[in-house]
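A short write-up of the structure that comes next.
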Amino acid sequence: MLNSVFQMLTVRDREYLRAIFALSGSQKPVGPVLLADKMGVSKECAFQEMRRLDVLGYGEYVLRKGLKLNKLAISIVENDFKKHHFFEKFLQETLGMTHEEACHESSRIDPFVSEYLMQSIYNKTGTLRNGSCGCRMKTPLNPNDLKGCHWINESL
Ligand SMILES: [Zn+2]
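Going left to right, the sequence shown walks through residues 0 to 155 as numbering that gives the first Met the number 0 numbers them.
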């Protein structure tokens, strides 16, 4: 059931969820001006996307305040965060790629990696305490933990 929900989200939707999360949208509503600035889009564009995420069931948009992410949205950001770092580490360890190469390849593929493949990668890499960028791999994820993370900074 969760899989069908995930499929409704585009890669772009996921980037927006990530940006809202980085702006502490899991703790308080984030307004369209702030999001537009972070994403480099117009305020109207950010507003439309936030309305869309509300309709799709990823949070509640409150007029004049913004969008606050719900548990489902947070779980998607956490899952994407894990996927990226684990897959990156896997590429470095098994194919001998540099962090930069592994990061680039992981970014292109990670939205499409299945749960089955991810589980196989988890089994291979084992527990990951830190990502290659040094960020702490733990859930629940705190927006402050992501300040130094390349995944959140470079992909937006
Ligand atoms: Zn990376």
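Even for Gly, the Cβ is constructed at its ideal location relative to N, Cα and C.
- Around the beta-carbon of I108, fewer than 16 other beta-carbon atoms lie within 10 Å, marking it exposed.
- Under the three-state reduction of DSSP, R128 is assigned to coil, being neither helix nor strand.
- The beta carbon of S41 sits closer than 8 Å to the beta carbons of A35 from its chain, once the five residues preceding and following it are set aside; these are given in chain order.
- Shortest gap from the CB of C102 to any heavy atom of ligand 1: under 7 Å.
- Beyond the five residues adjoining it in sequence on each side, R135 comes within less than 8 Å, by CB distance, of R128, N129 and D144 in the same chain, given in chain order.
- E114 has its Cβ no nearer than 7 Å to any heavy atom of ligand 1.
- If you check the CB distance, G30 and K64 come in under 8 Å.
- Contact between Y57 and L16 is confirmed by a C-beta separation of about 7 Å, below the 8 Å threshold.
- Sorting S119, I151, K37 and A72 by C-alpha distance to the C-alpha of V54 places A72 at the top.
- Within the region 65–127, complete alpha helix (DSSP H) segments of at least 4 residues are found at 70–94, 98–108 and 114–124, given in chain order.
- Non-local beta-carbon contacts of E48 in its own chain, meaning distances under 6 Å to residues more than five positions away in sequence, involve Y15 in chain order.
- Nearest neighbour of D12 by Cα position, chosen from M38, E92, Q91 and P139, turns out to be M38.
- In this structure, G24 places its C-beta atom within 8 Å of the C-beta atom of K67.
- Inclusion of K88 and S119 in the CB contact set at 8 Å is not warranted, their separation being larger than that value.
- An exposed status is given to F111, since fewer than 16 other beta-carbon atoms sit within 10 Å of its beta-carbon.
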